[in-house]
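This report refers to the structure that appears directly beneath it.
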C-alpha cells in the first residue's frame, strides 16, 4: 500500500515537472515569436528596442545634415538655375508692366490741343507705358528670386550659406585693386562670371596674373 502511494507521488511529481518544463518552453517560444529582437535577455532587448525607436530620428538628422552639405558642383548648378529663374521672371513682369501702364494711361482723358512739356500727350503716355514695361523687366529678377525661395525654402537657405562661403573665398583670393590700371583692369571683382569649378580655377589664374602685372608696373614706375 505504501509502495503504491510512493509510486503514485513519484509519477505525479514527474508529471508536474514535465508540465512545468513544457509551460516554460511554450512561454519561451511565445517570447521569441512576438519579440522582434529574438531571444535576447530582457535588458539587452529593452536597449535594442530603444535603438529601434531612436533610429528614425537618427535617419532624419542624417538626411538634414546631408542636405546642408552641398558640394561645389551642385552649388554652381543650383546657382545657374536660380539665375535662370531670375531672367525668365523678367519677361512676364515686363508684359505685366506694359499691361498696367496701358490700362492706366489709356483711361486718362487726353486733350490733343494741350501740350505737355512741349510734347504731344500721346507721345508722353506711350513713353510712360514703355517705362512701366522697363520697370517691370528690371524688377523681374527680384520676383524670380522670391519665387525660388518660396518654392524651395530649405534649399534656398542652404544655397545662401554656401554662397556666403563662396564669397569668403572670393574676398580672400582676389587681387588687390591697387594693382589696377587702364592696361591692367581688375578681372571679375565679385566673381559673378564663375559658374563652375573650372571657371573658378581660371578666375584664380587671372587674379594672380593681374597681381604679377600690377607688381611689374609698380616696379617699373618706381625705377
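In my numbering, the protein residues as written are 49 to 271. Ideal Cβ positions, reconstructed from N, Cα and C, are used throughout, including at glycine.
Worksheet item: Secondary structure at residue 146, three-state DSSP: helix, strand or coil?
Response: Three-state DSSP puts residue 146 in a helix.
Check your understanding: Where residue 129 and residue 196 are concerned, what is the direct C-alpha to C-alpha distance, given to the nearest angstrom?
Key -> Each residue's Cα considered, the two are about 9 angstroms apart.
Backbone secondary structure at residue 240 - three-state DSSP: It is coil, neither helix nor strand.
- Since residue 138 contacts residue 185 with CB under 8 angstroms, what's their CB separation in whole angstroms? Separation of the CB atoms of residue 138 and residue 185 is rounded to 5 angstroms, and the pair is thereby assigned contact status at 8 angstroms.
Worksheet entry | Integer-rounded CB distance, given that residue 120 should sit under 8 angstroms from residue 209 | Contact doesn't hold; Cβ gap of about 13 angstroms is too wide.
task: Classify residue 255 as buried or exposed, calling it buried when 16 or more other Cβ atoms lie within 10 Å of its own Cβ.
output: In this structure residue 255 is buried. Its beta-carbon is surrounded by 16 or more other beta-carbon atoms within 10 angstroms.
Next on the checklist: Here's the rule: buried if 16 or more other CB atoms are within 10 angstroms of the residue's CB, otherwise exposed. What is residue 226?
Outcome noted: Residue 226 is exposed by the Cβ-count criterion.
Q | Pairwise C-alpha distance: residue 241 and residue 134 | A | Approximately 15 angstroms, taken between the alpha carbons.
How close, in whole Å, do the beta carbons of residue 145 and residue 199 come, if the pair is a contact with beta carbons under 8 angstroms? Actually they do not touch by this definition, with Cβ atoms about 23 angstroms apart.
Query raised in the report: So the alpha helix (DSSP H) residue 134 belongs to, where does it begin and stop?
Result: 120 to 136 is the span of the alpha helix (DSSP H), which, as asked, contains residue 134.
task: Put residue 157 into one of helix, strand or coil per three-state DSSP.
output: DSSP places residue 157 in coil when its eight states are reduced to three.
Would residue 142 be called buried (16 or more neighbouring beta carbons within 10 Å of its own) or exposed? Buried, by the Cβ-count rule.
* Asked: Under a Cβ-count criterion, where at least 16 other Cβ atoms within 10 Å of its own Cβ denotes burial, should residue 155 be classed as buried or exposed?
  -> Counting Cβ neighbours within 10 Å, residue 155 comes out exposed, since fewer than 16 surround it.
Option nearest residue 124 by Cα separation, candidates 140, 183, 172, 248: The candidate whose alpha carbon is nearest that of residue 124 is 248.
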